[in-house]
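Below is one structure, written out as structure tokens, with a few remarks after it.
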Amino acid sequence: MPRPLPSRRPGPAPRARLLHASLLSAALVLGLAAAAPAATSRHSDAAGDVVVQRYDGTPPAVEPDVRNGDLTSLTVRYDDDLLQIAASTRAYRSVLDDYWIVRVLTSSGDTLVLRYYQEVGPTITVYRNGNRYTCRGTYVGRTRAGLLVRIPQRCLGPSYRVRVGLLLHATPDATVDGPRSADDAFRTGRVSGTRSKLGPWVGRG
């Protein structure tokens with residue numbers, strides 16, 4: 447008489463498949479979390495609102511025909527790793543000098559001011575709560591359209607949202623003693639010294 451076939455008990459293979467499926471699901475969840483989009487705020491600044499100082503005895507005034515240094519947009523992108531700020535202008539050629547002032551207020555109460563000055567070469571200074579500050583990974587540089595700033599989250603402290611302001615001083619023409627122009631991203635036809643107006647809160651994505 448033939449022997450009956452032994453009953454087949456679940457071996458390690460099904461358990462291994464179950465473990466593999468669990469790990470795969472966890473990896474997918476983590477992958478989706480890592481790929482979550484950052485919070486992004488886009489602001490359009492009015493064109494033709496540059497304030498020009500002519501040094502001829504006349505008070506500063508808005509000159510709609512001045513294109514160089516006229517801010518048009520400010521984009522703030524914020525995630526768990528990085529705060530990125532990009533600015534664009536109507537026209538941005540190589541000028542004798544320009545002076546960008548970026549101000550960042552964090553939800554923890556800290557204020558960072560990043561200043562980019564271009565004359566013979568770029569000069570970049572960063573201040574935190576009024577004191578000179580250095581944090582590895584911080585980047586400020588010009589682009590073909592305007593300016594790009596990158597600030598690692600670890601440089602911002604325990605913040606979960608930020609407000610950003612931007613002010614640009616530039617030369618409308620290429621003369622050394624020529625007029626100066628200024629434009630604030632969140633003001634139309636007005637500037638206030640070197641202190642920019644802050645935009646809305648942007649939370650981390």
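In the working numbering, the protein residues as written are 447 to 651.
A virtual CB, placed ideally from N, CA and C, is assigned to each residue, including glycine.
Model, not experiment: these values are computed from the prediction.
Would you call Arg636 buried or exposed, if buried means 16 or more other Cβ atoms sit within 10 Å of its Cβ?
-> exposed
Own chain partners of Arg561 with C-beta closer than 6 Å, once the 5 adjacent residues on each side are dropped | Ile547 and Thr571
C-beta atoms of Leu551 and Arg609 nearer than 9 Å | yes
Reducing DSSP to helix, strand and coil, say where Arg596 ends up.
-> strand
Proximity to Ala628 [Cα-Cα], best of Val508, Ala484 and Gly649 = Val508
Compare the C-alpha of Pro568 against each of Asn577, Val586, Thr518 and Asp556 and name the closest.
-> Val586
Express the C-alpha separation of Asp516 and Leu469 in angstroms, rounding to a whole number.
-> Residue confidence for Leu469 is low, a pLDDT of 40 falling below 50, so the modelled location carries little weight and cannot support an answer.
Residue nearest to Gly651 in terms of C-alpha spacing, selected from Gln530, Thr518, Pro510 and Leu520 = Gln530
Buried or exposed for Cys581, please, with buried defined as at least 16 other CB atoms from any protein chain shown within 10 angstroms of its CB.
-> exposed
Check whether the Cβ atoms of Arg536 and Arg500 lie closer than 9 Å to each other.
-> no
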